[in-house]
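**Student:**
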Amino acid sequence: MKLFGFLNLRGISGQIAALVVASIVAVHLIITATFLIHRPDQLDPPIAHRHSQLAAVAQLLDAAPAAGRPRLFADIARAFPQLDIESLPPGSAPVANETDGPNLRSLHRHLGSGYRVFSLGHDEDNRKVGIELPDGAMISAKILSDPWQRPFWRGPWMTTVLFAVICATLLGLWAARTLTAPLSSFAKAAESFSLNGGAAAPLPERGPEEIRSVAKALNRMRDRISTLIDDRTKMLAAISHDLRTPITRMRLRCEFIEDDAHRSRMLCDLDQMRSMLESVLSFLRNDQKLESMTLVDVASTLQLVTDQFADIGRKIAYDGPEHAMATVRPDDLHRSITNLVENAIRFGSEATIRLRISSDTVTIDVEDDGPGISDEHKDVMLEPFVRGDDARNMDEAAGFGLGLSIARSIVLAHGGQLSLNDRQPHGLIVRIQLPVRQQSRQAAA
Amino acid sequence: MSPAAPNILVVEDDRETRTLIAKYLRTNACNVTTANDGREMVRAMADHRVDLVILDVMLPGEDGLSLCRKVRAESQTPIIMLTARGEDVDRILGLEMGADDYLAKPFNPRELLARINAVLRRQTAALTVSLTNGATALTFLGWRIDFRLRELRNPAGARVSMTSAEFDLLRTLCERPGRVLSRDSLLDLTQGRNAGSLERSIDVLVSRIRRKIEADPQDATVIKTVRSGGYMFTPAVEAVTLPTDGYS
Chain D
54 MKLFGFLNLR
64 GISGQIAALV
74 VASIVAVHLI
84 ITATFLIHRP
94 DQLDPPIAHR
104 HSQLAAVAQL
114 LDAAPAAGRP
124 RLFADIARAF
134 PQLDIESLPP
144 GSAPVANETD
154 GPNLRSLHRH
164 LGSGYRVFSL
174 GHDEDNRKVG
184 IELPDGAMIS
194 AKILSDPWQR
204 PFWRGPWMTT
214 VLFAVICATL
224 LGLWAARTLT
234 APLSSFAKAA
244 ESFSLNGGAA
254 APLPERGPEE
264 IRSVAKALNR
274 MRDRISTLID
284 DRTKMLAAIS
294 HDLRTPITRM
304 RLRCEFIEDD
314 AHRSRMLCDL
324 DQMRSMLESV
334 LSFLRNDQKL
344 ESMTLVDVAS
354 TLQLVTDQFA
364 DIGRKIAYDG
374 PEHAMATVRP
384 DDLHRSITNL
394 VENAIRFGSE
404 ATIRLRISSD
414 TVTIDVEDDG
424 PGISDEHKDV
434 MLEPFVRGDD
444 ARNMDEAAGF
454 GLGLSIARSI
464 VLAHGGQLSL
474 NDRQPHGLIV
484 RIQLPVRQQS
494 RQAAA
Chain G
73 MSPAAPNILV
83 VEDDRETRTL
93 IAKYLRTNAC
103 NVTTANDGRE
113 MVRAMADHRV
123 DLVILDVMLP
133 GEDGLSLCRK
143 VRAESQTPII
153 MLTARGEDVD
163 RILGLEMGAD
173 DYLAKPFNPR
183 ELLARINAVL
193 RRQTAALTVS
203 LTNGATALTF
213 LGWRIDFRLR
223 ELRNPAGARV
233 SMTSAEFDLL
243 RTLCERPGRV
253 LSRDSLLDLT
263 QGRNAGSLER
273 SIDVLVSRIR
283 RKIEADPQDA
293 TVIKTVRSGG
303 YMFTPAVEAV
313 TLPTDGYS
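First to last, the sequence lines map onto chains D and G.
For what it's worth, the working numbering labels the leading residue of the first sequence as 54, then goes sequentially.
For what it's worth, the working numbering labels the leading residue of the second sequence as 73, then goes sequentially.
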């Protein structure tokens, strides 16, 4: 069984073998047909026909008695005007017996021995030949030119061969592509496999057997990874969720701590824990539950964020119009701007929120005067659980590194874009661009 | 503060949290009873007068949301819900449940106290202000302030973001159009005086509200400053009552 495994046409080896065999057979057939159609010593039918006519004429003249020849000659010239037969004076033939070339050779074969054939030069289409009869009389006639003097690709057989070759090539390319297409689709599927991109379609399980089994294995692996991630996500969510109860208790206990300094420090720690939990929960929640879109005065949201940070003593400014309407998810937008401002004041000493609105886009810039992010780190920083590598901030255990990626997923869910840009002379500008999608809606009541 | 200490019922299934809330509220001049679940809550409410219920959403047996609806169907007792962050907020404050306020766990206890005071004050005030009795929203100059969704929408229908302190202040002003309200009375009506330094001063809140609703914040026409008096809400206010509610 194993020995003839390559005969199994369902396998990739069998299919490739079949393809090769089929191609070789096709090429053989084409070449054989070519040889059958075009034997090198056989001339084209019209040429051969002309030759036999001419040979018959020469033999007829030879057989006729010398006295009757002129009359016969005239009759023949009338009967075969295309041969353009003329009588030549004896002795005008070249000494050499020019029977080179298939044209003259073929003619000579028709005539038989005793005749001499020689060339008398040729014009475009016709060739003038002379024939010396065995008795020394000479005639000249026109025959068609040698076939090889025409461009070879103009021959009908050549067109056929070219056509066949092109067809075989295209067929081969198509077959090879069909065989390897599943492999390229694997590559694509593996590239686009993302853990938070939701359910992508499973790989199609078709093609040769090996590829089908690879597709099955990949699909199973994908399922296992998704299950694993789902379980981890659920666990993380459950932990974060459950931690809220002890944090709530601790916050309450804090109120009974007499020492003010201790209490405020503990409140500070608890606040940090709370904000970390919230960021995890909001990150995990993001692809599941979406707030509904509504028309919002985006400027008021930005002013609100500015006020909230100003209230806890941060240097922050808002620069933009007093009002700007856009259709967004208000709480999500608030959260993403808050995250960006938190980052901005963590890495810089002051932050600025800028708002520009055009007919179709809202552009929100959150600027800081911190060290900024180098170009090679910009993409990495957008990934979840990646924190700024600024050492002085590490001991403050600022967060999980989710702020920016949460902000970005919120912006992407709005159909917008978030980009990191350099600020001059130093610092970072996080730019959010959102589509406006404004509907002029009347206020209810 | 009200002359008499308010009776507050804490419905929370986590024993530690429940006792801690009770202890904290007692140290802040409240009478507190506690309940572990819905059954105990109903018993406690039948047993004595309850001025305000603090209700956890996640409860064993009947959950907080349906308990909230139940209480609403029978009485006007104010309810503050304790919830997980951002979950079901629309339902809690919206048409279905009609809680008066909510706090996300883990909450700041001082914030809880401030909300309790604000809700109780609103409750007392609402009994004297006829305009807002039964109203779920007020409109002025095309603006709409919705109490249950706790949102403000401008004449174009766009939601305007506000902090809850700003919202409470605007609501208090809206409920009393054409009356001069001193800073002290505004503070009493919104935050209570013992709210602490956490809250912003009335002046700051007013200037922030003005920036959001006034056409020209420098020349305020909606919320006018009355010299040496306080503030006055000038536009005409109309109440919006949704007829299908089971409560007001």
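Every residue gets a Cβ at the ideal spot worked out from N, C-alpha and C, and that includes glycine.
Note that the structure is a prediction, hence the values are computed from the model and not measured.
#1: Give the interface partners of D:Asp-360 over in chain A, defined as CB-CB distance under 8 Å, in chain order.
#2: Residues of chain G with CB closer than 7 Å to the CB of D:Ser-328, please, in chain order.
#3: When the Cα of D:Ile-184 is compared with those of D:Phe-133, D:Ala-240 and D:Asp-115, which residue comes out closest?
#4: Is there a Cβ of chain D sitting closer than 8 Å to that of G:Lys-177, yes or no?
#5: Where in the region 348-374 of chain D do unbroken runs of the alpha helix (DSSP H), each at least 4 residues long, occur, reported from the N-terminal end onward?
#6: Which residues share a DSSP beta bridge with G:Asn-103?
#7: Below 8 Å on the Cβ atoms is my contact criterion, and I expect D:Ile-138 with D:Val-110 to pass it. Report the Cβ-Cβ distance as a whole number of Å.
#8: Count Cβ pairs between the region 114-122 of chain G and the region 178-195 of chain G that sit closer than 8 Å; are there 3 or more?
#9: Reducing DSSP to helix, strand and coil, say where G:Thr-297 ends up.
#10: To the nearest whole angstrom, what separates the beta carbons of D:Leu-232 and D:Ile-65, a pair I think is in contact under 8 Å?
#11: Please compile the residues from chain G whose C-beta is within a distance smaller than 8 Å of the C-beta of D:Gln-356.
#12: Can you list, in chain order, the residues of its chain with a C-beta nearer than 8 Å to that of D:Arg-382? Leave out the 5 residues immediately preceding and following it.
#13: Go ahead and label G:Pro-178 buried or exposed: buried means 16 or more other beta carbons lie within 10 angstroms of its beta carbon, across all protein chains shown.
#14: Quick check on the DSSP output: the alpha helix (DSSP H) that includes D:Glu-263 runs from which residue to which?
#15: Would you decide whether D:Gln-135 is buried or exposed? Buried here means 16 or more other CB atoms lie within 10 Å of its CB.
#16: In the DSSP output, which residue or residues are listed as bridge partners for D:Phe-171?
#17: Give the range of the beta strand (DSSP E) segment to which D:Gln-470 is assigned.
#18: Note down, in chain order, every chain D residue with its Cβ under 7 Å from the Cβ of G:Asn-189.
#19: Let me know the secondary structure DSSP gives D:Phe-246 once reduced to three states.
#20: Using the rule of at least 16 other Cβ atoms within 10 Å of the residue's Cβ for burial, across every protein chain shown, is G:Glu-247 buried or exposed?
#21: Leaving out five residues before and five after D:Ser-335 in sequence, what residues of the same chain have Cβ atoms less than 7 Å from its Cβ?
#22: For D:Pro-488, name the three-state secondary structure that DSSP assigns.
#23: Against D:His-315, what residues of chain G qualify as contacts under a CB-to-CB distance less than 7 Å, listed in chain order?
#24: So, with DSSP's three-state summary, where would you put G:Pro-315?
#25: If I measure Cβ to Cβ from G:Glu-134 and keep anything under 7 Å in the same chain, skipping five residues before and after, which residues do I get?
#26: Closer than 7 Å, Cβ to Cβ, to anything on chain D: give me those residues from the region 235-260 of chain G, in chain order.
#27: Would you call G:Arg-123 buried or exposed, if buried means 16 or more other Cβ atoms sit within 10 Å of its Cβ?
#28: If you draw a straight line from the C-alpha of D:Arg-445 to the C-alpha of D:Phe-400, how long is it?
#29: Output the boundary residues of the alpha helix (DSSP H) element that contains G:Ile-281.
#30: Taking G:Ile-93 as the query, report the chain D residues whose CB atoms sit under 7 Å from its CB, ordered along the chain.
#31: For G:Tyr-303 and G:Phe-239, what's the separation of their Cα atoms in angstroms?
#32: Are there three or more Cβ pairs, one per stretch, closer than 8 Å when the region 222-239 of chain G is compared with the region 347-357 of chain D?
#33: Could you tell me the alpha carbon to alpha carbon distance between D:Glu-262 and D:Phe-88, rounded to whole angstroms?
#34: Whole angstroms are fine: how far does the CA of D:Met-434 sit from the CA of G:Ala-118?
#35: Got a sec: which bits of the region 219-246 of chain D sit with their beta carbon under 8 Å from any beta carbon on chain G, in order along the chain?
#36: Is the Cβ of D:Ile-398 closer than 8 Å to any Cβ of chain G?
**Tutor:** Quick look at the numbers:
#1: The structure shown contains no chain A; its protein chains are D and G.
#2: For the purposes of this step, residue 328 of chain D is taken as the residue at position 275 of the first sequence. Those within 7 Å of D:Ser-328 in chain G number zero; the least Cβ separation is about 11 Å.
#3: Here residue 184 of chain D refers to the residue found at position 131 of the first sequence. If we check each option's Cα against that of D:Ile-184, D:Asp-115 comes out closest.
#4: Working through the second sequence from its first residue, we reach residue 177 of chain G at position 105. Residue contact check for G:Lys-177 against chain D: a CB pair falls below 8 Å.
#5: Complete alpha helix (DSSP H) runs here, min 4: 351-364.
#6: Taking the second sequence and counting its residues from 1, the one referred to as residue 103 of chain G is at position 31. Residue pairing by DSSP puts G:Asn-103 in a beta bridge opposite G:Asn-79.
#7: Residue mapping note: residue 138 of chain D aligns to position 85 of the first sequence, counting from 1. Residue mapping note: residue 110 of chain D aligns to position 57 of the first sequence, counting from 1. Indeed they touch by this definition, with Cβ atoms about 7 Å apart.
#8: no
#9: Counted from its first residue, the second sequence places residue 297 of chain G at position 225. Strand at G:Thr-297.
#10: Residue mapping note: residue 232 of chain D aligns to position 179 of the first sequence, counting from 1. Residue mapping note: residue 65 of chain D aligns to position 12 of the first sequence, counting from 1. With a contact defined as Cβ atoms closer than 8 Å, D:Leu-232 and D:Ile-65 qualify at about 7 Å.
#11: By 1-based counting over the first sequence, the position of residue 356 of chain D is 303. Here the neighbours are Ser-233, Arg-280, Arg-283 and Lys-284.
#12: Here residue 382 of chain D corresponds to residue number 329 of the first sequence, with the count starting at 1. Result list for D:Arg-382: Leu-343, Glu-344, Ser-345, Met-346, Thr-347, Ile-463, Ala-466 and His-467, in chain order.
#13: Translated into the one-based positions of the second sequence, residue 178 of chain G becomes position 106. Label assigned to G:Pro-178: buried.
#14: Along the first sequence, read from residue 1 onward, the residue named residue 263 of chain D stands at position 210. Taken as a continuous stretch (DSSP letters only), the alpha helix (DSSP H) holding D:Glu-263 covers 262-307.
#15: Here residue 135 of chain D is taken as the residue at index 82 of the first sequence, counted from 1. So D:Gln-135 ends up on the exposed side.
#16: Position 118 of the first sequence holds residue 171 of chain D. Answer is D:Gly-183, bridged to D:Phe-171.
#17: Position 417 of the first sequence, counted from the first residue, corresponds to residue 470 of chain D. Unbroken beta strand (DSSP E) run through D:Gln-470: 470-475.
#18: Within the second sequence, residue 189 of chain G is the residue found at index 117, counting from 1. Those do not exist, as G:Asn-189 stays about 16 Å from chain D at its closest Cβ, beyond 7 Å.
#19: Residue numbering aside, residue 246 of chain D sits at position 193 when the first sequence is read from its first letter. Coil at D:Phe-246, not helix or strand.
#20: By 1-based counting over the second sequence, the position of residue 247 of chain G is 175. Per the 10 Å Cβ criterion, buried.
#21: Stepping through the first sequence from its first residue, residue 335 of chain D is reached at position 282. Taken in chain order, the residues that qualify are Arg-388 and Ile-459.
#22: Along the first sequence, one-based indexing puts residue 488 of chain D at 435. D:Pro-488: strand per DSSP, three-state reduction.
#23: The count along the first sequence starts at 1 and reaches residue 315 of chain D at position 262. Under the 7 Å cutoff, chain G gives no residues; its nearest Cβ is about 16 Å from D:His-315.
#24: On the second sequence, residue 315 of chain G is found 243 positions in, with the first residue counted as 1. Its pLDDT being 49, under 50, G:Pro-315 is placed unreliably by the model, and nothing is read from it.
#25: Counting from 1 along the second sequence, the entry for residue 134 of chain G is found at position 62. Excluding residues within five positions, the ones whose Cβ falls inside 7 Å are Gly-110.
#26: Those would be Thr-235, in chain order.
#27: Stepping through the second sequence from its first residue, residue 123 of chain G is reached at position 51. The residue you asked about is not Arg; residue 123 of chain G is Asp in the sequence shown. Buried: at least 16 other Cβ atoms inside 10 Å.
#28: Reading the first sequence from its first residue, position 392 is the one you call residue 445 of chain D. Reading the first sequence from its first residue, position 347 is the one you call residue 400 of chain D. Because D:Arg-445 sits at a pLDDT of 42, beneath the cut-off of 50, its placement in the model cannot be relied upon, and the following sentence gives the value as read from the coordinates. So the two alpha carbons sit approximately 10 Å from each other.
#29: On the second sequence, residue 281 of chain G is found 209 positions in, with the first residue counted as 1. First-last of the alpha helix (DSSP H) with G:Ile-281: 274-285.
#30: Reading the second sequence from its first residue, position 21 is the one you call residue 93 of chain G. Taking a Cβ-Cβ threshold of 7 Å, the residues of chain D close to G:Ile-93 are Leu-305, in chain order.
#31: As a first step, residue 303 of chain G is located in the second sequence; it is residue number 231 there, counting from the start. As a first step, residue 239 of chain G is located in the second sequence; it is residue number 167 there, counting from the start. In a straight line, the C-alpha of G:Tyr-303 is about 16 Å away from that of G:Phe-239.
#32: The answer is yes - the region 347-357 of chain D touches the region 222-239 of chain G, with three or more Cβ pairs under 8 Å.
#33: Against the first sequence, residue 262 of chain D aligns to sequence position 209. Against the first sequence, residue 88 of chain D aligns to sequence position 35. One C-alpha to the other measures close to 40 Å.
#34: For this step, residue 118 of chain G is matched to residue 46 along the second sequence. For this step, residue 434 of chain D is matched to residue 381 along the first sequence. A direct Cα-to-Cα measurement between G:Ala-118 and D:Met-434 gives close to 57 Å.
#35: Answer in chain order: no residues at all.
#36: As a working mapping, residue 398 of chain D is identified with position 345 in the first sequence. D:Ile-398 does not count as touching chain G.
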